[in-house]
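In the UniProt record's numbering, the protein residues as written are 1 to 557.
See structure below.
Quick look at the structure:
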């Protein structure tokens, strides 16, 4: 038998044979407690033999000691292990130490000593890595991380209503319940978090209280209260330093995500590395792909697209017990957006369905179907996105991109929504530089402010924003140059235009002089006047200006 460290009691009701409970499923382990307090002649020998052992060993060894074949075990097992969930394995354990102690004490001391000698001589089975890793977490926690959040919530709820659940199991269940409800959406997670923090505070080591802090921090972050959110996130990490790595990783990765949003990449990377080290330091490592998924997000934000794609691929290809299905959509979103940045449109489209990421969908639509398709999504399926503050924190370039889309299709309402949201975010977080630059970028595009765009190019810690600002600044300069060119061209005399045309054809001053019947000196005099009117200095610039003006004139006609 295997004694549970922190059993999770799951009440499954009356099975029809005995009132029983399954206390958690950790890989091949099923924890059993007969709540009726009555053991029949079928199950009593099995209980006593396994109780005397007190450590992990094989059920077939129990059969051998009972003088039966393994085929004969089901009848007594029916009274010791409830039927239902199909996770009964080779090992079982009692719900609490008191139950184990009571059964062990029911065996006379001489018999107990003899049984123990016989039991300890039996072979042990090697537990596969994925089964051993399951001991690191509760059933509810594992279900949530596997992406079955609703099932994890139900399991946690059953633990909390059970009178037999030990304190550690209750804390675990509370933390699972808060996390699960947060992932499912709705107000229940914040309600639970508020109650726990009000009743117990946020003392170190209380994983439910730490989870409540983390959820409260995330809610504030989404609302744009970045300073307070960071403070709560740091408290959760600090108070969770000594909790199990499977819980500590939530607090560390949540804070790392926020720091990465603020482009504090080194500090964020350190937290991710620490979380991964904790998981790999477990006797049976588990969920290490969580670090890869979060690291891929950070690397994409830092502009290291190739590295981001490699980490995201690791996250999506991980197998149990390292895989974290809950975070695979995040990794696919990185693969989708990263592929767009790498101009691999087929790959981006292929990853989009598994990404479940609104911003990725907008980017793909704009690239594959044009700006109108993206704006249609923003006015329909994703109509709340332009006013979602957290978008502009996570993706500083999003505000600029949406302003450009709005201006391209002439959607003034979309542009106003974006500017109002990002300006409000910046006003509420005046001390956070990247947020202020995000607002400046969006407003500069709306107003055509080249000086502000130049500041974004120099100061923005976001490589995508800097690249966008550079591109738009070049367009503004080109447009202004064409405007000056058109104005200057209109001031040229007929002779100056003719000389300009001959210069563009590659003729020298002497050759031009023969064509226009002037001296070379007079041709040079006219050229200096042309340079001044057009704001240029060389014959090469004049040739380029003539070609550019010809293009503008053709478009105008």
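By construction, the Cβ of each residue, glycine as well, lies at the ideal position given by its N, Cα and C atoms.
For clarity, every value in this text was computed on a predicted model and none was experimentally measured.
query = What's the C-alpha gap between residue 301 and residue 267?
reply = Cα to Cα, residue 301 sits roughly 14 Å from residue 267.
message = Could you tell me the alpha carbon to alpha carbon distance between residue 423 and residue 371, rounded to whole angstroms?
response = Approximately 24 Å, taken between the alpha carbons.
message = If I measure Cβ to Cβ from residue 5 and keep anything under 6 Å in the same chain, skipping five residues before and after, which residues do I get?
response = Residue placement at residue 5 cannot be trusted, given a pLDDT of 36 that sits under 50; the coordinates are not used to answer.
key: Beta-carbon proximity of residue 330 to residue 297, cut-off 8 Å   = The answer is yes: Cβ separation under 8 Å.
ask   = Nearest-angstrom Cα distance between residue 193 and residue 175?
value = Between residue 193 and residue 175, the C-alpha separation is close to 9 Å.
Beta-carbon proximity check, residue 327 vs residue 355, cutoff 8 Å = In this structure, residue 327 sits away from residue 355, with a CB-CB distance that is not shorter than 8 Å.
Pair within 8 Å by beta-carbon distance, residue 334 and residue 348 = No, these two residues do not count as a Cβ contact at 8 Å.
inquiry  = Rounded to whole angstroms, what is the Cα-Cα separation between residue 517 and residue 505?
reply    = Looking at the two C-alpha atoms, the distance is approximately 17 Å.
task = Determine the contact status of residue 340 and residue 367, defining contact as a CB-CB distance below 8 Å.
result = In this structure, residue 340 sits near residue 367, with a CB-CB distance shorter than 8 Å.
task = Note down, in chain order, each residue of its chain lying with its Cβ closer than 7 Å to the Cβ of residue 411, except the 5 sequence neighbours on either side.
result = So the qualifying residues of the chain are 375.
message = Here's the rule: buried if 16 or more other CB atoms are within 10 angstroms of the residue's CB, otherwise exposed. What is residue 511?
response = Label assigned to residue 511: exposed.
query = From 400, 451 and 206, pick the residue whose C-alpha is nearest to that of residue 439; which is it?
reply = Closest option to residue 439, Cα to Cα, is 400.
request  = May I ask which residues mark the beginning and end of the alpha helix (DSSP H) holding residue 412?
outcome  = That run of the alpha helix (DSSP H) goes 412-428.
message = Let me make sure I understand the geometry here. Which of 420, 539, 490 and 177 has the alpha-carbon closest to that of residue 158?
response = If we check each option's Cα against that of residue 158, 177 comes out closest.
key: Reduced DSSP category for residue 617 - H, G, I as helix; E, B as strand; rest coil   = There is simply no residue 617 to check, as the chain begins at 1 and stops at 557 in what is shown.
ask   = When we look at the beta-carbon of residue 392 and count the other beta-carbons within 10 Å, is it buried (16 or more) or exposed?
value = Buried.
query = How many Å lie between residue 493 and residue 477 at the Cα?
reply = Between the alpha carbons of residue 493 and residue 477 lies a distance of about 26 Å.
request  = Look at residue 209 and residue 220 and say whether their C-beta atoms are less than 8 Å apart.
outcome  = No, they are not a contact pair.
ask   = Looking only at its own chain, which residues have a Cβ that is under 8 Å from the Cβ of residue 309, when we skip the five neighbours before and after it?
value = Hits under 8 Å: 296, 334, 335, 338, 339 and 342.
ask   = To which residues of the same chain is residue 360 closer than 7 Å at the C-beta, ignoring the five residues directly before and after it?
value = In chain order, 333, 336, 337 and 352 place their CB closer than 7 Å to the CB of residue 360, counting only its own chain and leaving out the 5 sequence neighbours on each side.
query = Quick one: any contact between the region 225-235 and the region 428-437, if contact means 3 or more CB pairs under 8 Å?
reply = Taking 8 Å as the limit for Cβ pairs, the verdict is that the region 428-437 does touch the region 225-235.
ask   = Taking the C-alpha atoms as reference points, what is the distance between residue 425 and residue 531?
value = In a straight line, the C-alpha of residue 425 is about 48 Å away from that of residue 531.
inquiry  = With a threshold of 8 Å on Cβ separation, who are the neighbours of residue 403 within its own chain once the five nearest residues in sequence on each side are excluded?
reply    = Correct list, in chain order: 415, 418, 419, 442, 445 and 446.
key: Cut-off 7 Å between Cβ atoms - residues of its own chain near residue 311, not counting five sequence neighbours on either side   = Within the same chain, residue 311 has close Cβ partners 292, 295, 296 and 299.
ask   = Could you give the C-beta distance for residue 233 and residue 255, rounded to a whole number, given that I count them as a contact under 8 Å?
value = Approximately 4 Å separates the beta-carbon atoms of residue 233 and residue 255; this is inside 8 Å, confirming the contact.
inquiry  = Please return the same chain residues whose Cβ sits closer than 6 Å to the Cβ of residue 285, not counting the five positions on each side in sequence.
reply    = Counting only Cβ-Cβ distances below 6 Å, and skipping sequence neighbours, we find 279.
Residue 435 burial status per 10 Å Cβ neighbour count (16 or more: buried) = By the 16-neighbour rule on beta-carbons within 10 angstroms, residue 435 is buried.
task = Taking residue 346 as part of the alpha helix (DSSP H), name the residues at either end of that continuous run.
result = In the DSSP assignment, residue 346 falls within the alpha helix (DSSP H) that extends over 345-355.
task = With hydrogens ignored, establish whether the beta-carbon of residue 401 is closer than 7 Å to any heavy atom of the ligand FMN.
result = With respect to small molecules bound, the structure shown includes none, and the ligand FMN cannot be examined in it.
inquiry  = Using a Cβ-Cβ cutoff of less than 7 Å, which residues in the same chain neighbour residue 461 once the five nearest sequence positions on both sides are dropped?
reply    = 263 and 434.
query = In whole angstroms, what is the alpha-carbon distance linking residue 181 and residue 168?
reply = Rounded to the nearest angstrom, the two C-alpha atoms are 20 Å apart.
Residue 475 burial status per 10 Å Cβ neighbour count (16 or more: buried) = By the Cβ-count criterion, residue 475 is exposed, with fewer than 16 other Cβ atoms from all chains shown falling within 10 Å of its own Cβ.
query = Closest to residue 543 by CA distance: which of 523, 499, 524 and 520 is it?
reply = The candidate whose alpha carbon is nearest that of residue 543 is 499.
ask   = Taking the alpha carbon of residue 528 as the point to measure from, which residue in 191, 514 and 509 has its own alpha carbon closest?
value = It is 509 whose Cα lies nearest to the Cα of residue 528.
task = State buried or exposed for residue 240, treating a residue as buried only when at least 16 other CB atoms are found within 10 Å of its CB.
result = Residue 240 comes out buried.
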